[in-house]
Amino acid sequence: MRWIAACLLLLAGCGIGKGTAELEAFAGLKGSSTRLTGLRPVELGTAPAEEFQRTLERAKLTNLDEVRGALSFVPPADRRGFAFVLPGCAEDGAELTVERDTLTAELTGGENVNCAQANYFLAVFSVERDSVSPTPTLSTTPR
242 MRWIAACLLL LAGCGIGKGT AELEAFAGLK GSSTRLTGLR PVELGTAPAE EFQRTLERAK
302 LTNLDEVRGA LSFVPPADRR GFAFVLPGCA EDGAELTVER DTLTAELTGG ENVNCAQANY
362 FLAVFSVERD SVSPTPTLST TPR
């Protein structure tokens with residue numbers, strides 16, 4: 242029963258069909274630098290999302306086309322899209338926790354790997370429109 246409760250809270254990656262949160266795109270930010278430290282998560286399709294993309298473009302990423310593709314995700318009318326930049330090491334995915342009015346993204350995978358310096362990852366999620374407030378708090382959980 243605990244697994245079901247945890248899975249309902251952490252819907253991205255639980256494998257229970259189309260849940261509240263879905264990981265739509267995930268990409269390592271290749272060639273990224275510390276300029277990405279503190280880049281705040283955004284809702285796609287907003288003015289802050291445009292500045293978020295410009296910041297990533299100024300970071301001189303070597304996989305900018307992949308990043309632009311991920312950020313061009315347009316959710317259907319019943320969903321909203323959110324983008325997060327997360328520091329990590331060798332993770333291969335991310336999950337989103339939807340709890341009350343807060344959305345928290347966290348990297349997954351890549352356990353038992355030591356890195357000399359942080360790598361950065363872009364995670365784009367969609368969330369059922371009715372599952373979050375009009376102005377949710379967007380948060381990241383460092384590993």
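Per our numbering: the sequence shown = residues 242 to 384.
C-beta atoms are modelled at their ideal positions from N, C-alpha and C, and glycine is treated no differently.
> Three-state secondary structure (DSSP) at K259?
Replying inline: Residue confidence is low: K259 scores 46 on pLDDT, short of 50, so the model does not pin down where it sits. Its coordinate-derived value is still stated next. K259 sits in coil when the DSSP states are folded into three classes, being neither helix nor strand.
>> Please state whether the Cβ-Cβ distance between G310 and G334 is less than 9 Å.
In response: No, the Cβ-Cβ distance between G310 and G334 is not below 9 Å.
> Leaving out five residues before and five after L305 in sequence, what residues of the same chain have Cβ atoms less than 8 Å from its Cβ?
Replying inline: Once the five neighbours on either side are set aside, the close Cβ partners of L305 are L297, E298.
> For S367, which three-state DSSP category applies?
Replying inline: Strand.
>> Am I right that E265 and G322 are in contact with their C-beta atoms under 8 Å? What's the rounded C-beta distance?
In response: A Cβ-Cβ separation of about 7 Å places E265 in contact with G322 under the 8 Å criterion.
> So, using beta-carbon positions, are F362 and L344 closer together than 9 Å?
Replying inline: No, the pair does not count as a contact, with Cβ atoms beyond the cut-off.
>> Taking the straight line between their C-alpha atoms, what separation do you get for E352 and A364?
In response: Roughly 18 Å between the two C-alpha positions.
>> For T261 and S372, I'd like the C-alpha separation in whole angstroms.
In response: Taking the straight line from one Cα to the other gives about 7 Å.
> For T427, does the count of other Cβ atoms within 10 angstroms reach 16, so buried, or fall short, so exposed?
Replying inline: The displayed coordinates of the chain run from 242 to 384. Any statement about residue 427 would go beyond what the structure contains.
> Helix, strand or coil: which one does DSSP assign to L379?
Replying inline: Of the three classes helix, strand and coil, the one that applies to L379 here is strand, per DSSP.
>> Rounded to whole angstroms, what is the Cα-Cα separation between L270 and V308?
In response: Here the alpha carbon of L270 sits roughly 8 Å from the alpha carbon of V308.
> Rounded to a whole number of angstroms, what is the C-alpha to C-alpha distance between S374 and T338?
Replying inline: Near 14 Å, if we compare the C-alpha coordinates of T338 and S374.
> How about G272 and A300: are their beta carbons less than 9 Å apart?
Replying inline: Against a cut-off of 9 Å, the Cβ pair of A300 and G272 comes out as a contact.
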